[in-house]
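Colleague: Residue numbers (the working numbering): -8 to 291. Each residue gets a CB set at the ideal place from its N, CA and C atoms; glycine is no exception. Have a look at this one before I ask anything.
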Amino acid sequence: MASFNFRGLIAPVFTAFNNDLSINTNVIPKYAKFLLDSGINGVLVHGTTGEGVSLSVEEREKVTEAWLQAVKQTKQHLMVQVGGCPLPDAIRLAKHAESIGADSLLCLPELYFKPTNPQELIDYLKNIGQAAPKTPLLYYHIPAWSNVNVNMEDFLNQVGNQIPSFKGIKYTSNDLSAGYDATKAAGGKFAVFLGADSLMAGAFTQGFDSSIATSLNILPQFGVQILKAVQSSKLEEARKLQDKLTAACKVITKNGAWVPTMKAAMNSLTPINVGPARPPLKNLTSDQIKELETSIKPFL
């Protein structure tokens, strides 16, 4: 069993699409280096930001393989989200990720026949752990999107050794109190990655040591600097940086949903073009993109 020691910042990378909405893997080596040069030492493939649930199994495998080749050069941690699809496909994706050498797995819950208590969630995740027993497994807690509202403190206290490969969670919720409880569950032995861009400073102050946040793609300097400021006990500096990042995210998302607006910002503000978002997501108009580019300038 490989250990899971990664702590710090992971960018949940966008899936790049061509204008015809086919996947574009050619940009991935440049994308990986851009993140590394920005201080980001890990990437998450096929999360919410990466539109994983909008890709076929074959597309997800192809994108994962391309990122694996890229991180062989950059030495970044590669986490692969394998859920958000029928269980047989999630099992296949977990086996595939392990077979090519992914560093860790992240898994959404069953999204239709939803687990309603910790043990049902554990039983679901056992399938993924058994499919890829040598790869660290984390659970993706995002109740606002999945509508799976299992308490994470209870879940982490109960999972114990039922899944030998289980190592932690991605906690995407604005309930920072419950998130803090999760960091202390089971004696603090599990990793808890914050998934809320607007709560980094507060969470790091409370003891979180890691984050997986969309803004780490577009404005990575903020996340990097907030974490360093908190670690150096410069809490006022961290608060000011967080205020600026939160305001920037509000500007970016003013005219649309999270993923397409963040993709537009990535295309406008960085050297990496990740193309449009796939339907049913609605992309910004050219006028909205111009407004974003003008409004975001004070934050750069």
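By the three-class DSSP mapping on this structure, what secondary structure does S168 have?
Modeller: The residue labelled residue 168 in the question sits at position 177 within the sequence shown. Helix.
Colleague: For F(-3) and T285, what's the separation of their Cα atoms in angstroms?
Modeller: Here the question's residue -3 lines up with position 6 in the sequence shown. Here the question's residue 285 lines up with position 294 in the sequence shown. Their backbone Cα atoms lie some 37 Å apart in a straight line.
Colleague: With DSSP as the reference, label I287 as helix, strand or coil.
Modeller: Against the sequence shown, residue 287 aligns to sequence position 296. If DSSP states are grouped into helix, strand and coil, I287 belongs with coil.
Colleague: What would DSSP say about A93, mapped onto helix, strand or coil?
Modeller: As a first step, residue 93 must be located in the sequence shown, where it is residue number 102. Three-state DSSP puts A93 in coil, outside helix and strand.
Colleague: Candidates S13, D11 and K235: which alpha carbon is nearest M191's?
Modeller: Walking along the sequence shown from the start, residue 191 turns up at place 200. Out of S13, D11 and K235, K235 has the C-alpha closest to the C-alpha of M191.
Colleague: Name the two residues that bound the continuous beta strand (DSSP E) containing Q72.
Modeller: The sequence position of residue 72 within the sequence shown is 81, counting from 1. Taken as a continuous stretch (DSSP letters only), the beta strand (DSSP E) holding Q72 covers H68 to Q72.
Colleague: Quick one: what's got a C-beta closer than 6 Å to A61's C-beta in the same chain, skipping five residues either side?
Modeller: Stepping through the sequence shown from its first residue, residue 61 is reached at position 70. Once the five neighbours on either side are set aside, the close Cβ partners of A61 are I19, P20 and A23.
Colleague: Can you round the beta-carbon distance between L167 and A194 to whole angstroms, since I take them to be within the 8 Å contact cut?
Modeller: Taking the first residue of the sequence shown as position 1, residue 167 is located at position 176. Taking the first residue of the sequence shown as position 1, residue 194 is located at position 203. The pair is a contact, with the Cβ atoms about 6 Å apart (cut-off 8 Å).
Colleague: For V312 and K180, I'd like the C-alpha separation in whole angstroms.
Modeller: Residue 312 lies beyond the range of the chain shown here (-8 to 291); nothing can be said about it.
Colleague: Taking the alpha helix (DSSP H) that V36 belongs to, which residues open and close that run?
Modeller: Residue 36 sits at position 45 when you count from the first residue of the sequence shown. Looking at the DSSP string, V36 is not in any alpha helix (DSSP H); the run it does join, the beta strand (DSSP E), is G33 to V36.
Colleague: Between A88 and A268, what straight-line distance do the alpha-carbon atoms span, to the nearest angstrom?
Modeller: Taking the sequence shown and counting its residues from 1, one reaches residue 88 at position 97. Taking the sequence shown and counting its residues from 1, one reaches residue 268 at position 277. Cα to Cα, A88 sits roughly 24 Å from A268.
Colleague: My guess is that A173 and Y162 are in contact by the Cβ rule of under 8 Å, so how many angstroms apart are they, rounded?
Modeller: By one-based count along the sequence shown, residue 173 stands at place 182. By one-based count along the sequence shown, residue 162 stands at place 171. Yes, A173 and Y162 are in contact; Cβ-Cβ is about 6 Å, under 8 Å.
Colleague: If we count Cβ pairs, one from each stretch, closer than 8 Å, do we get three or more for the stretch 50 to 59 versus the stretch 107 to 117?
Modeller: The answer is no - the stretch 107 to 117 does not touch the stretch 50 to 59, with fewer than three Cβ pairs under 8 Å.
Colleague: So, F8 versus G266, is the Cβ gap smaller than 9 Å?
Modeller: Counting from one through the sequence shown, the residue named residue 8 turns up at place 17. Counting from one through the sequence shown, the residue named residue 266 turns up at place 275. Yes, the Cβ-Cβ distance between F8 and G266 is below 9 Å.
Colleague: Are I287 and A256 close, meaning C-beta to C-beta below 9 Å?
Modeller: Here residue 287 is taken as the residue at index 296 of the sequence shown, counted from 1. Here residue 256 is taken as the residue at index 265 of the sequence shown, counted from 1. Going by C-beta atoms, I287 is nearer than 9 Å to A256.
Colleague: Is any non-hydrogen atom of the ligand PLP found closer than 8 Å to the C-beta of F25, if you look at the structure I gave you?
Modeller: The model on display carries no ligand, and the ligand PLP is accordingly not part of it.
Colleague: Look up A2 in the DSSP assignment and give the residues it is bridged to.
Modeller: Counting from 1 along the sequence shown, the entry for residue 2 is found at position 11. Note: A2 sits in a beta bridge opposite V34.
Colleague: Since I believe I119 is in contact with V73 (beta carbons under 8 Å), could you give me their beta-carbon distance rounded to a whole number of angstroms?
Modeller: If you number the sequence shown from 1, residue 73 lands on position 82. If you number the sequence shown from 1, residue 119 lands on position 128. That pair is a contact at about 7 Å.
Colleague: Could you name the residues that DSSP lists as bridge partners for C98?
Modeller: Residue numbering aside, residue 98 sits at position 107 when the sequence shown is read from its first letter. DSSP output for C98 lists Y130 as bridge partner(s).
Colleague: Suppose you measure from the CA of F5 to the CA of N108; what does that come to, to the nearest Å?
Modeller: Numbered from 1 along the sequence shown, position 14 holds the residue referred to as residue 5. Numbered from 1 along the sequence shown, position 117 holds the residue referred to as residue 108. If I take the Cα positions, the gap works out to 31 Å.
Colleague: Are the beta-carbon atoms belonging to L96 and P211 less than 9 Å from one another?
Modeller: Counted from its first residue, the sequence shown places residue 96 at position 105. Counted from its first residue, the sequence shown places residue 211 at position 220. No.
Colleague: Using CA atoms only, rank isn't needed, just tell me which of G198, A123, S45 and V242 is closest to R83.
Modeller: Your numbering for residue 83 matches position 92 in the sequence shown. Selected option, being the one with the closest Cα: A123.
Colleague: What would DSSP say about Y103, mapped onto helix, strand or coil?
Modeller: Along the sequence shown, one-based indexing puts residue 103 at 112. Residue state, collapsed to three classes: coil.
Colleague: Measure from the alpha carbon of E101 to the alpha carbon of each residue in L272, L35, I1 and V44, then state which is nearest.
Modeller: Numbered from 1 along the sequence shown, position 110 holds the residue referred to as residue 101. The shortest C-alpha separation from E101 is found at V44.
Colleague: How long is the line joining the alpha carbons of G38 and P262, rounded to whole angstroms?
Modeller: In the sequence shown, residue 38 corresponds to position 47, counting from 1. In the sequence shown, residue 262 corresponds to position 271, counting from 1. About 22 Å.
Colleague: Throw me the rounded Cβ distance for the I1 and G33 pair, which I believe falls under 8 Å.
Modeller: For the purposes of this step, residue 1 is taken as residue 10 along the sequence shown, with counting starting at 1. For the purposes of this step, residue 33 is taken as residue 42 along the sequence shown, with counting starting at 1. Yes, I1 and G33 are in contact; Cβ-Cβ is about 4 Å, under 8 Å.
Colleague: Between the beta-carbon of L12 and the beta-carbon of P270, is there less than 9 Å?
Modeller: Along the sequence shown, one-based indexing puts residue 12 at 21. Along the sequence shown, one-based indexing puts residue 270 at 279. The answer is yes: Cβ separation under 9 Å.
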